[in-house]
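Protein chains in written order, with the numbering used here: chain A, 163 to 393; chain B, 163 to 393.
Backbone N, C-alpha and C define an ideal beta-carbon position, used for all residues, glycine too.
What follows is a set of notes on a single structure, which appears directly below.
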DNA sequence: TTAAATCCTCGCAGAACTGTGGCAAAACTT
DNA sequence: AAGTTTTGCCACAGTTCTGCGAGGATTTAA
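Quick look at the structure:
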């Protein structure tokens, strides 16, 4: 993943530089601007991943900038201002701000809040797509990406191998016969020897153990295969 | 849309009630708890849409509660605490908190922050539908100008190439079959060989690598193509 | 314990699939 | 209309996948 880009706008150059240096130290890319307009122009040509903006600025103030940006983008915005009254904070948050820090503030706290917001976005993204993921023992079976994931790392299964393991996984706890596998995984029009299933199982077992998974595909003697229910 | 449910945990009953009354007035449902354990139990049987929790509580403190909840849920969590030192705030935000308010706080500010977080979640959900500028790895995909931009410079993709890459980008993390691509990118009335997709992919890959992009379009053997989800 | 049935391992070769370069038709420009 | 770009198709080569046979290992049953 590329570095996140964060734009900072404040008319006090020192504040800009302090914030920037802390963000850089945390591994972010950062650009500073001394008024609202220049940040807005920069954002139009190159959108950033987050904005940290002051409220009192020449050209375009923070509130207006926030509103303008919000018309076309959902980029997270953190206000940083010397104005510390409740109405100020409430206005900033209501206009579309994601957070509001009052000066003077601890740079470490700003960093923590930046991270918190990125984490929130990431969680929202992950959760939204998360409907199809199937957890089996130590594996995550992702039908969307057709990947089997162990400890966050994908095990390289071929299409057939994936389809077979997936079928066993959704029928966890039930013994599945070879002929059923041929029907459902290979397709009923396909005529292969029933032993083909054994080959596929063999390969899956090998890859699983090489990858270090604890999942075992049990043989049901004279019948087929099964993944044991957990615990 | 049904009312959002918010759980509040604080050992001071008065605080609970104040927060609850403000939340109710804003149209949320709210339940109060006087220690961490009772909130956790309630959450297990009925998950809420947001948690507002104190740090110093009997049974289970706020930090521990946050960690426990985070193991299974991405529900937003706001800390409300009398502890106002930087390390406290940073700890709370780092452990998985979405915000941190120090007592005494303005109930109106709390409301504004609650709304801000819900708005963020909503924007994240709606994000990939109506955001015109889609970021994928090191590329920016601009649906308006039909341009793919790398480092502020446009890569010269043709219309078909753009449409195909755009479709893969929208479906990032999901393996897309050749036939789906023919349907959605070429249009279902069009009858071309499935290998036409390979040709287009070939050209896109070439242009991407010539432009110096790190984006790779993976082949899903026997199926189609996919852009890997970024970490 | 022994025999029979079944399963696992191994290597291999054919099958299936993909990547590449070239080419020409089609579409678009000038 | 001529030239340029785009795009689909083909053929070939290289890669990956997968079914199969045979022999050894394992389990069941008598």
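Flagged as an interface residue toward chain A: residue 383 (chain B), by a C-beta distance shorter than 7 Å. Along the region 246–265 of chain A, the positions whose C-beta sits under 9 Å from a C-beta of chain B are 248, 249, 251, 252, 253, 254, 255, 256, 258, 259, 260, 261 and 262, read in chain order. Contact between residue 198 (chain A) and residue 227 (chain A) is confirmed by a C-beta separation of about 4 Å, below the 8 Å threshold. Exclusion of the five residues before and after residue 365 (chain B) leaves 323 as the residues of its chain whose Cβ lies within less than 7 Å of its Cβ. Judged by beta-carbon spacing, residue 169 (chain B) lies beyond the 7 Å limit of residue 188 (chain B), meaning their Cβ atoms are not closer than that value. Taken in chain order, the complete alpha helix (DSSP H) segments of 4 residues or longer contained in the region 172–237 of chain A are 175–187, 198–207 and 224–232.
Every beta strand (DSSP E) stretch that sits fully inside the region 290–317 of chain A and reaches 3 residues is listed by chain position as 295–298, 301–304, 309–312 and 315–317.
Against residue 285 (chain A), the close residues of chain B are 236, in the order they occur along the chain (beta-carbon pairs closer than 8 Å). For residue 346 (chain B), no alpha helix (DSSP H) segment is defined, and its DSSP state is neither H nor E.
Secondary structure note for residue 261 (chain A): its beta strand (DSSP E) is the uninterrupted segment 261–264. In terms of CA proximity to residue 388 (chain A), A:339 leads the group A:356, A:348, A:339 and A:347. For residue 270 (chain A), the neighbours in chain B by C-beta distance under 7 Å run, in chain order, 248 and 252. Across the structure, residue 382 (chain A) and residue 212 (chain A) are spaced so that their CA atoms are roughly 55 Å apart. Residue 246 (chain A) counts as exposed, since fewer than 16 other beta carbons sit within 10 angstroms of its beta carbon. Looking at the backbone, the Cα of residue 240 (chain A) and that of residue 257 (chain B) are separated by about 20 Å. In this structure, residue 360 (chain B) sits away from residue 278 (chain A), with a CB-CB distance that is not shorter than 7 Å. Looking at the DSSP output, residue 169 (chain B) shares a beta bridge with B:193 and B:213. Residue 392 (chain A) carries a coil assignment under DSSP once its states are collapsed to helix, strand and coil.
The shortest CA-to-CA distance from residue 230 (chain B) to any of B:202, B:249 and B:390 is the one to B:202. Residue environment: residue 218 (chain B) is assigned as exposed (fewer than 16 neighbouring CB atoms within 10 Å of its CB, all protein chains considered). The straight-line gap separating the alpha-carbon atoms of residue 251 (chain B) and residue 297 (chain A) is approximately 34 Å. Flagged as an interface residue toward chain A: residue 337 (chain B), by a C-beta distance shorter than 7 Å. The C-alpha of residue 286 (chain A) lies about 16 Å from the C-alpha of residue 276 (chain B). Residue range 239–243 is occupied by the beta strand (DSSP E) that includes residue 243 (chain B), with no alpha helix (DSSP H) assigned at that position. A residue is called buried once 16 or more other Cβ atoms fall within 10 Å of its Cβ, and residue 384 (chain A), having fewer, is exposed.
Interface flag for residue 220 (chain A) against chain B is unset, since no Cβ pair is found closer than 7 Å. Chain B places a beta carbon closer than 7 Å to that of residue 306 (chain A), counting this residue as a contact.
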